[in-house]
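Chemist:
In the numbering used here, the protein residues as written are 15 to 751.
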């Protein structure tokens with residue numbers, strides 16, 4: 015239906031459009047139920063939506079029900095348990111179970127890594143990389159090259175097996191699919207054990223986090239929990255993984271908050287406070303299990319260090335800048351290596367499952383000259399920090415070289431398909447950076463022949479800068495600043511280190527986050543290909559928005575997930591993106607909206623926007639074609655500019671065109687067509703920084719422009735996704751959606 019009316023005696027025209035909503039592609043509203051809806055359905059329909067637009071992510075709209083028929087038995091068990099005790103207590107007990115199982119899993123994982131390391135290296139790691147550096151290359155090259163290569167071959171086989179399980183799981187029954195789903199994380203853990211046991215340049219903490227998150231997801235699956243309940247258990251598992259991996263319970267708690275709870279939905283089933291309490295319990299239990307199984311020693315030996323005076327703080331801030339740049343180098347090198355491997359695969363068509371062997375061989379070749387790049391636990395970090403007895407320290411120039419070669423070795427290890435995390439490499443690179451920086455500053459400011467002599471400045475030992483550099487680099491690479499600060503504070507147990515830590519970590523995180531924002535902005539500009547146009551020219555260019563794809567996913571968040579998958583263990587975005595890829599704009603757009611002409615009165619336009627509770631009005635021409643979009647923000651900005659310029663005009667005489675022309679290029683609108691997917695529309699919103707899109711028909715009267723048919727905003731996308739998830743949970747989701 016279409017209705018319009020004239021608002022006054024003026025020549026302006028303001029209209030409210032209301033059309034019959036059409037749900038195409040087999041998607042329709044929920045059927046009329048003969049009985050009152052169940053409490054489960056009420057929870058599904060009343061669950062509020064969440065907007066992740068500021069982070070460039072698809073909005074969250076989750077279903078809290080399992081698919082039709084497959085969860086009846088588990089749902090019955092869950093319902094019985096929920097009736098016997100409050101749901102909060104039940105999830106708390108489940109979180110404790112997650113901590114227990116994660117602790118056991120991480121202990122077994124570390125045992126496997128240690129056993130493989132002893133088997134392949136035959137005691138060499140206990141002698142240290144310095145011993146290997148002093149040995150003749152002719153005596154050590156077979157083991158140094160062949161052991162990582164052998165590990166890569168084994169990982170290639172395991173990756174191939176994992177891929178085959180993923181392919182076979184499609185189209186199988188529920189039990190077989192669940193079994194294969196549980197086997198894939200197990201095979202990935204085995205692949206990580208082989209990768210690290212053979213010395214390849216990655217770390218164990220990422221796999222430890224994934225062990226915990228897999229346990230949390232498994233328990234959620236047993237009880238048929240999703241949404242906020244599943245989120246709480248995944249966060250508990252992540253905390254347990256870090257807690258047991260570093261033997262640092264406090265850092266594990268903050269890691270879960272930073273990497274899982276904060277980036278995820280804020281409308282969780284449980285509040286952040288309740289989820290945090292479960293995280294704490296899980297982290298403590300996992301830490302206790304780790305101490306029983308692996309001992310109470312910290313992950314690496316904390317060296318003797320000192321702090322001279324508060325006047326050193328500027329030196330630590332400079333170290334933070336250096337660590338931020340090093341972090342960006344590691345992230346950029348990893349992205350380049352991933353792209354290079356992908357292009358190599360497209361050109362040669364060599365199966366990707368063979369690449370880990372090449373990665374292991376390259377790591378071995380690098381280790382011939384720089385054996386410290388091999389992963390032998392944190393023994394090599396102890397060498398850098400000079401915390402092991404009877405070990406000579408490395409000069410500053412060698413330390414700087416190690417930073418570069420470790421970045422290359424780690425990036426190639428990740429790109430080739432070897433399995434492991436970035437936490438240990440980040441700590442290694444940070445230690446080398448801090449030690450080299452500390453030695454250089456000590457020589458330049460307080461050495462026998464200082465380059466600059468400052469009597470008020472006393473330079474601390476290089477070990478202090480090494481410890482601070484570890485935290486600053488970890489914060490920059492993995493973007494977990496609070497976790498980094500608390501990890502080093504928990505391991506050193508020295509309050510004096512807090513102030514330098516906070517300064518360096520803050521600067522490093524700021525540099526990395528600022529650069530990521532610039533990178534995202536550049537991606538948006540290069541993706542859109544749409545130049546700024548004036549309001550009069552805009553009718554010629556609005557349809558260029560249709561070619562925008564979801565390429566903004568190559569943002570800093572996605573790059574971080576590619577580099578360190580344990581930072582993205584709660585993948586609600588992937589589930590929602592699948593729904594958004596199926597739904598089209600025609601299924602979500604609003605068909606009741608306000609339209610105005612350029613000659614319309616501004617007072618009338620605002621009045622209609624307020625009456626209809628709309629934040630904007632769509633500007634059209636006399637033929638009904640899209641011209642632009644007038645928002646309340648544009649009107650507010652117009653009022654401010656008019657006051658500053660001293661413009662005096664009667665309010666009733668102000669037209670829409672005055673607002674659009676006063677401050678340059680205002681009132682612009684981005685358009686999509688009804689058959690555009692919601693995923694693409696959401697990507698356009700994120701890339702252009704808008705919350706509404708005009709919906710236009712593709713062609714009209716043979717012209718290369720279409721008439722206005724609707725309005726799409728983030729809330730309408732959320733409602734469509736929630737409705738689709740509800741239909742899927744009730745078994746009514748059409749296959750031709």
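Idealized CB from N, CA, C, for every residue including glycine.
Would you report the Cα separation of residue 257 and residue 633, rounded to the nearest angstrom?
Modeler: Going from the Cα of residue 257 to the Cα of residue 633 covers about 56 Å.
Chemist: Taking only the alpha-carbon atoms, compute the straight-line gap between residue 758 and residue 475 and give it to the nearest angstrom.
Modeler: Here the chain has residues from 15 to 751 only, and residue 758 is not among them.
Chemist: What is the DSSP secondary structure of residue 349, reduced to helix, strand or coil?
Modeler: It is helical.
Chemist: Can you tell me which of the three DSSP states residue 55 falls into?
Modeler: Note that residue 55 scores a pLDDT of 37, beneath 50, so its modelled location is shaky; the value from the coordinates is reported in the next line. Of the three classes helix, strand and coil, the one that applies to residue 55 here is helix, per DSSP.
Chemist: Grouping DSSP H, G and I as helix and E and B as strand, with all else coil, what is residue 723?
Modeler: Here residue 723 sits in strand by DSSP.
Chemist: On the CB-based measure, 16 or more other CB atoms within 10 Å of its CB, does residue 129 come out buried or exposed?
Modeler: Under this definition residue 129 is an exposed residue.
Chemist: With H, G and I counted as helix, E and B as strand and the rest as coil, what does DSSP make of residue 503?
Modeler: Reduced to three states, the DSSP call for residue 503 is helix.
Chemist: Along the chain, where does the beta strand (DSSP E) containing residue 645 start, and where does it finish?
Modeler: Note, residue 645: beta strand (DSSP E), 640–645.
Chemist: Label residue 220 either buried or exposed according to how many other C-beta atoms from any shown protein chain fall within 10 Å of its C-beta, with 16 as the threshold for buried.
Modeler: Buried, by the Cβ-count rule.
Chemist: Can you say whether residue 150 is buried or exposed, counting buried as having 16 or more other CB atoms within 10 angstroms of its CB?
Modeler: By the neighbour-count rule (16 or more Cβ atoms within 10 Å), residue 150 is not buried but exposed.
Chemist: Which first and last residues belong to the alpha helix (DSSP H) in which residue 709 is found?
Modeler: That residue, residue 709, is in no alpha helix (DSSP H); its beta strand (DSSP E) goes 706–710.
Chemist: Does the pairing of the stretch 484–491 with the stretch 332–345 give three or more beta-carbon distances under 8 Å?
Modeler: Yes, since at least three Cβ pairs between the stretch 484–491 and the stretch 332–345 fall closer than 8 Å, the two stretches touch.
Chemist: Taking 8 Å as the cut-off, does the stretch 386–396 touch the stretch 431–444 (at least 3 CB pairs, one atom from each stretch)?
Modeler: Touching, yes, given that three or more Cβ pairs across the two stretches are closer than 8 Å.
Chemist: Less than 8 Å between the beta carbons of residue 497 and residue 321, yes or no?
Modeler: No, the pair does not count as a contact, with Cβ atoms beyond the cut-off.
Chemist: Hey, could you find the ends of the beta strand (DSSP E) residue 607 is sitting in?
Modeler: That run of the beta strand (DSSP E) goes 606–610.
Chemist: So the candidates are 598, 495, 206, 514; which of them puts its Cα closest to the Cα of residue 434?
Modeler: The residue with the shortest Cα to Cα distance from residue 434 is 206.
Chemist: Comparing alpha-carbon positions, which option in 457, 645, 126 lies nearest residue 472?
Modeler: Among 457, 645, 126, the Cα nearest to that of residue 472 belongs to 457.
Chemist: For the beta strand (DSSP E) that residue 693 lies in, which residues bound it at each end?
Modeler: Note, residue 693: premise wrong, no beta strand (DSSP E); alpha helix (DSSP H) at 692–702.
Chemist: Suppose contacts are defined by Cβ-Cβ distances below 8 Å. Is residue 754 in contact with residue 726 by that definition?
Modeler: Because residue 754 is not part of the residues shown, which for the chain are 15 to 751, the question remains open.
Chemist: Go ahead and pull the three-state DSSP assignment for residue 686.
Modeler: If DSSP states are grouped into helix, strand and coil, residue 686 belongs with the strands.
Chemist: Would you please state the rounded distance, in angstroms, between the beta carbons of residue 264 and residue 500? I believe it to be under 8 Å.
Modeler: Indeed they touch by this definition, with Cβ atoms about 5 Å apart.
Chemist: Between the beta-carbon of residue 247 and the beta-carbon of residue 233, is there less than 8 Å?
Modeler: Result yes, Cβ atoms of residue 247 and residue 233 sit closer than 8 Å.
Chemist: Find the nearest neighbour of residue 353 within the set 659, 577, 684, judged by alpha-carbon distance.
Modeler: Among 659, 577, 684, the Cα nearest to that of residue 353 is on 577.
Chemist: How would you call residue 703, buried or exposed, if buried means at least 16 neighbouring beta carbons within 10 angstroms?
Modeler: Classification of residue 703: exposed, given that the 10 Å Cβ count is below 16.
Chemist: To which residues of the same chain is residue 379 closer than 7 Å at the C-beta, ignoring the five residues directly before and after it?
Modeler: Around residue 379: 159.
Chemist: Hey, how far is the Cα of residue 731 from the Cα of residue 237?
Modeler: For residue 731 and residue 237, the distance between alpha carbons rounds to 29 Å.
Chemist: Are three or more beta carbon pairs between the stretch 104–112 and the stretch 192–201 nearer than 8 Å?
Modeler: Counting Cβ pairs under 8 Å, fewer than three are found: no touch.
Chemist: Should residue 346 be listed as close to the ligand NAD, given that the test is whether its C-beta is under 7 Å from any heavy atom?
Modeler: Absence of the ligand NAD is noted for the structure shown, with no ligands found whatsoever.
Chemist: Alpha carbon to alpha carbon, what distance is there between residue 177 and residue 171?
Modeler: When rounded, the distance between both Cα atoms is 10 Å.
Chemist: When DSSP labels each residue in this structure, what does residue 444 get in the three-state scheme?
Modeler: In this structure, residue 444 counts as helix in the three-state DSSP scheme.
Chemist: Among 329, 504, 414, 146, which residue has its Cα nearest to the Cα of residue 459?
Modeler: Of the listed residues, the one whose Cα sits closest to residue 459 is 329.
Chemist: Below 6 Å CB to CB, which residues in the same chain sit around residue 348 once its five sequence neighbours on both sides are set aside?
Modeler: Closer than 6 Å at the Cβ level, and outside the excluded window around residue 348, lie 425, 428, 577.
Chemist: According to the Cβ coordinates, are residue 623 and residue 641 closer than 8 Å?
Modeler: Not closer than 8 Å, so no.
Chemist: Residue 362: buried (16+ other C-beta within 10 angstroms of its C-beta) or exposed?
Modeler: Exposed.
Chemist: How would you call residue 276, buried or exposed, if buried means at least 16 neighbouring beta carbons within 10 angstroms?
Modeler: By the 10 Å Cβ count, residue 276 comes out exposed.
Chemist: What separation, rounded to the nearest whole angstrom, lies between the Cα atoms of residue 699 and residue 430?
Modeler: Straight-line Cα distance between these residues: approximately 34 Å.
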